[in-house]
Structures are given as C-alpha cells and as structure tokens.
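Here is the structure we will look at, set down as structure tokens.
Below is the structure:
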C-alpha cells in the first residue's frame, strides 16, 4: 500500500510536468508563467524522464504541424506499436529531419529555464529522476530501499505509457467532431493521463487552448491547476478558443492550414 501511494503521488506530479509544462506551456504557449512556476514545472518534467524540454517540444511541434504524415515523429498511420513506443526505438524517418529544418524552435531556447535544463539534463535527471524518487519514497513513506526502488521505476513505466497512449490510442480510437482527418476524442486516455489530453481532436484543431477541451464538465484537473495558478499570480495570459469559433468549426468541419503553427495566435475567421 505504501509503494502504491508513493508511486501514484509521484506519477501525478510528473504528469503535471509533462501535460502542463512541456505540453501546454512550452509547446503551445497556451499560457505564460512566472520564473518560479517555470522552474517547478521544469523539475517535474525532468523527474518524468521523457527527455529534456527542448527535445520533447521539438518533436511535439513537428507532430502538430505534420500530423499523420512521414514528417510526424510518431505517425499513427504506421500502426499502434510505432506511434506508441516504436518511434523511440527506430531511426527517424528522413522526412522528420528534412521538414524539421523548416520549423522555428528558437522560442524554446529563448527561455533560460529550458536552456539550463538542456545543458545539464543528464545530471539533473540522475538526481531528480533517479535518486530523489527512491530517497523520497524511503523516508516519506517509510518503505524499504528495495520497495522504494520498485515504486520509483514502476511509476516511471506508468508515466511513460500514459504519455504514449496520447500518441497512440488518442490518434486511432474515438470520435472526430471537429476535424475528420486528425486525432480523436478518447475519454479513456483523459482518465488515464489525468489532464483532458484524450480530447485530442479538439486539441489538434485548437492547439493554443489551455483547457484542451470544449466543455467545462469534462474531467480536466490540469485546467483547474492552471486557473488556480492564475489566481495566485503565477500564470497569466491564458489563451482560450471562443465558443463562436468552436461552433463554426464543428458546423463546417473547417480544416486548419499547414501554415498555421500551433504556437501562433489563430485567425478567428
């Protein structure tokens, strides 16, 4: 029971680092954050062990701009296994590298927090992602060293697969109410990831929206976390899609142009 509690607690924290930090803050510029909040999110993202922020966001930006093509790092048209984990086990498709050179990633490295993490990622990960979780489990939850080790790495495996399910299940199974040619709405993924990431058809249609879902009742704890930080003055300039635009897209199934980057302000027309 102690192992389970410690594993779940740390998994939830690392998911915040990925879902809110790497994804909504740095990849899509869905909101802005103070230096202190960016540092906290960087630490949580480091613990997650899913590569440094720059690399994570670079691949994600390509995924949005060239989704479901060979230039998409985890192209779902290559099958479930490939888009779930196989893309990390093989060489990148040449189109990923070629098209990647046409996309601007300079905004990532403009943030000193991202630059610092990228420069010292390996020692940071060893300390924060390997040593700290084991030590924390041992002392905070009174687990043996062996149990602490098992808890830490079980947490890491679960954290990886929850993120990978967004790339696989949320692209292959579910409804497509906003755009029939891109990712899908998958409630299972949202429940697993604890952050509305499964409402993926909406997200790929309106990638700048910090809520990642249309209606307020949907399971969306990370949305509430961002709004709480905004009330505390730690987050600001939260970006939301207007209801009028959402309805217009749903009615007409408008296609987003390839030229519209996910980090640019949308043209509401």
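In the working numbering, the protein residues as written are 12 to 280. Every residue, glycine too, gets a C-beta built ideally from N, C-alpha and C.
Count the other CB atoms, across all protein chains shown, that sit within 10 Å of the CB of residue 193; report buried if there are 16 or more and exposed otherwise. Translated into the one-based positions of the chain shown, residue 193 becomes position 182. With 16 or more Cβ atoms within 10 Å of its Cβ, residue 193 is classed as buried.
Give every residue of the same chain whose Cβ lies closer than 6 Å to the Cβ of residue 222, excluding the five residues on either side of it in the sequence, and list them in chain order. Residue mapping note: residue 222 aligns to position 211 of the chain shown, counting from 1. Annotation for residue 222: 234 place their beta carbon closer than 6 Å to its own, counting only its chain and skipping 5 residues before and after.
Among the candidates 84, 81, 112, 61, whose CA atom is the shortest distance from the CA of residue 4? Because the chain in this structure spans residues 12 to 280, residue 4 falls outside the shown range and cannot be described.
Rounded Cβ spacing between residue 246 and residue 48 (contact assumed at less than 8 Å): Here residue 246 refers to the residue found at position 235 when the chain shown is read from its first residue. Here residue 48 refers to the residue found at position 37 when the chain shown is read from its first residue. Indeed, because the Cβ distance is near 6 Å, the residues count as touching under 8 Å.
Which residues in the same chain have their Cβ closer than 8 Å to the Cβ of residue 294, if we skip the five residues on either side of it in sequence? An answer regarding residue 294 cannot be provided, because it is not within the stretch 12 to 280 covered by the chain.
Boundaries (first-last residue) of the alpha helix (DSSP H) holding residue 163: As a first step, residue 163 is located in the chain shown; it is residue number 152 there, counting from the start. That run of the alpha helix (DSSP H) goes 156-178.
Roughly how far, in whole angstroms, is the beta-carbon of residue 159 from the beta-carbon of residue 167, given that I think they are within contact range, below 8 Å? One-based indexing of the chain shown puts residue 159 at position 148. One-based indexing of the chain shown puts residue 167 at position 156. The pair is not a contact, with the Cβ atoms about 13 Å apart (cut-off 8 Å).
So for residue 272, helix, strand or coil by DSSP? Within the chain shown, numbered from 1, the residue matching residue 272 stands at position 261. Only weak support exists for where residue 272 lies, its pLDDT of 44 falling under 50; the value from the coordinates is given anyway. Note: residue 272 maps to coil in three-state DSSP.
Looking at residue 59: is its Cβ nearer than 8 Å to the Cβ of residue 28? Sequence index remark: in the chain shown, residue 59 carries index 48 (1-based). Sequence index remark: in the chain shown, residue 28 carries index 17 (1-based). Yes; because the gap between Cβ atoms is below 8 Å, this pair is in contact.
Using CA coordinates, which residue listed in 120, 54, 179 is at the minimum distance from residue 92? Here residue 92 corresponds to residue number 81 of the chain shown, with the count starting at 1. The option with the nearest alpha carbon to residue 92 is 179.
DSSP three-state assignment for residue 43, whether helix, strand or coil: For the purposes of this step, residue 43 is taken as residue 32 along the chain shown, with counting starting at 1. Three-state result, residue 43: strand.
Starting from residue 112, trace the alpha helix (DSSP H) both ways and give me its first and last residue. For the purposes of this step, residue 112 is taken as residue 101 along the chain shown, with counting starting at 1. That residue, residue 112, is in no alpha helix (DSSP H); it is neither H nor E in DSSP.
DSSP puts residue 246 in a beta bridge; with which residues? In the chain shown, residue 246 corresponds to position 235, counting from 1. Answer by DSSP bridge pairing, in chain order: 44.
So, is residue 196 buried or exposed, given that buried needs 16 or more other C-beta atoms within 10 angstroms? Sequence index remark: in the chain shown, residue 196 carries index 185 (1-based). Its Cβ being crowded by 16 or more others within 10 Å, residue 196 is buried.
Look at residue 95 and residue 84 and say whether their C-beta atoms are less than 8 Å apart. Position 84 of the chain shown, counted from the start, is the residue given in the question as residue 95. Position 73 of the chain shown, counted from the start, is the residue given in the question as residue 84. No; because the gap between Cβ atoms is not below 8 Å, this pair is not in contact.
8 Å Cβ shell around residue 249 - same chain, five flanking residues per side excluded: Residue mapping note: residue 249 aligns to position 238 of the chain shown, counting from 1. Correct list, in chain order: 41, 42, 221, 237, 238, 241.
Does residue 255 come out as helix, strand or coil in the three-state DSSP assignment? The residue labelled residue 255 in the question sits at position 244 within the chain shown. Reduced to three states, the DSSP call for residue 255 is helix.
Using alpha carbons as the reference points, say which of 117, 82, 191, 114 lies closest to residue 102. As a first step, residue 102 is located in the chain shown; it is residue number 91 there, counting from the start. The shortest Cα separation from residue 102 among 117, 82, 191, 114 belongs to 82.
Are residue 64 and residue 119 close, meaning C-beta to C-beta below 8 Å? Along the chain shown, read from residue 1 onward, the residue named residue 64 stands at position 53. Along the chain shown, read from residue 1 onward, the residue named residue 119 stands at position 108. Result yes, Cβ atoms of residue 64 and residue 119 sit closer than 8 Å.
Leaving aside the five residues before and after residue 67 along the sequence, list all residues of the same chain whose C-beta is less than 7 Å from its C-beta, in chain order. If you number the chain shown from 1, residue 67 lands on position 56. Around residue 67: 33, 61.
What number of angstroms, rounded off, separates the C-alpha of residue 164 from the C-alpha of residue 54? Stepping through the chain shown from its first residue, residue 164 is reached at position 153. Stepping through the chain shown from its first residue, residue 54 is reached at position 43. Roughly 17 Å between the two C-alpha positions.
Residue 21: buried (16+ other C-beta within 10 angstroms of its C-beta) or exposed? Walking along the chain shown from the start, residue 21 turns up at place 10. For residue 21, the number of other beta carbons within 10 angstroms of its own is at least 16, and it is reported as buried.
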